[in-house]
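Just so you know, we're using my numbering here: the sequence shown kicks off at -1 and counts up by one.
Single-structure report; data block below.
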Amino acid sequence: MIRDHRGGMGLEVAGINHVCGLTPVHITAVKEHHRRQARSILDLIGMIQCSTGSSISYLMYGCYCGIGGKGWPRDSTDWCCFTHDCCYGKAERAGCRPKSESYNWYCIYGAARCGDFFDYCERMICECDMELSNCLRRNVYRKKYALWPNFLCGRTKPQCYSY
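Below, the structure is given as structure tokens:
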């Protein structure tokens, strides 16, 4: 089963209506700048859904999954999100807008893969999101870190060495 995602718009490739737990998302009646930002968020959510079967579960997981991030990552799953934050930081330093740039990607048998790119930023952002979604897939989701309160994260933060 393969689904091609072109900037948040679904294109059926294998003739199957329901792939990776996703239904087609169509954003048509909004202005372009809102549309691009919504697509970027949908790209990331879609990749996580494809790879793990549940994107919402990671919304407030540990100290780094979801919006923001501070302290020390709680486990290997939280480290995936910390690394993703570092990757987005690198993209921003390169002049990219990881929270608003859309890209092409595919869901292939439960694994997110990047598609064709128009520019360097699309490639960089897609690879950040693909690495996160596939890292989450490889690591254990521990319910005890769901809805983890920020005050338990502490103040010591690891460095983004490879980024």
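In this text, a Cβ means the ideal position worked out from N, Cα and C, and glycines have one as well.
Fair warning: this is a prediction, and the values are worked out from it, not measured in the lab.
Return the chain-ordered list of same chain residues with a C-beta closer than 8 Å to the C-beta of residue i, the five sequence neighbours on each side being excluded.
| i | result |
| --- | --- |
| Cys124 | Asp41, Tyr101, Asn102, Trp103, Cys112, Gly113, Phe115 |
| Ala92 | Tyr118, Cys119, Met122 |
| Phe149 | none |
With residue i as the anchor, note down where its alpha helix (DSSP H) starts and where it stops.
| i | result |
| --- | --- |
| Cys133 | 118 to 136 |
| Arg72 | No alpha helix (DSSP H) contains Arg72, which DSSP labels as neither H nor E. |
Can you name, in chain order, every residue of its own chain whose Cβ lies under 7 Å from the Cβ of residue i, other than the five neighbours on each side?
| i | result |
| --- | --- |
| Tyr86 | Pro96, Cys126 |
| Tyr139 | Ser55, Thr75 |
| Asn137 | Ser74, Thr75, Cys78 |
Report the residue from the options whose alpha carbon sits nearest the alpha carbon of residue i.
| i | options | result |
| --- | --- | --- |
| Ser131 | Asn148, Gly60, Trp70, Cys78 | Cys78 |
| Cys94 | Ala110, Arg72, Glu120 | Glu120 |
| Met58 | Lys155, Cys133, Cys151 | Cys151 |
| Pro147 | Ile43, Gly67, Gln157, Ile106 | Gly67 |
| Lys155 | Pro71, Ser49, Tyr107 | Pro71 |
| Cys48 | Asp117, Cys105, Lys142, Phe149 | Cys105 |
| Arg135 | His82, Thr81, Gly108 | Gly108 |
Using 7 Å as the threshold, is the C-beta distance between residue i and residue j below it?
| i | j | result |
| --- | --- | --- |
| Glu99 | Ser38 | yes |
| Met122 | Ala89 | yes |
| Gly51 | Cys61 | no |
| Ala110 | Met45 | yes |
| Cys158 | Cys84 | yes |
Starting from residue i, follow the beta strand (DSSP E) in both directions and report where the run begins and ends.
| i | result |
| --- | --- |
| Trp146 | Where Trp146 is concerned, there is no enclosing beta strand (DSSP E), given that its DSSP letter is neither H nor E. |
| Ala165 | With the chain covering -1 to 161 only, the question about residue 165 has no answer from this structure. |
Leaving out five residues on either side along the sequence, give the residues of the same chain with a beta carbon under 6 Å from the beta carbon of residue i.
| i | result |
| --- | --- |
| Ile43 | Ser53 |
| Lys142 | none |
| Phe80 | Tyr62, Pro71 |
Counting only beta-carbon atoms, is residue i nearer than 7 Å to chain D?
| i | result |
| --- | --- |
| Phe115 | As a matter of chain content, chain D is missing from the structure shown, which is built from one protein chain. |
Which ranges would you report for the alpha helix (DSSP H) in the segment 76 to 106 if only whole runs of at least 4 residues count? none
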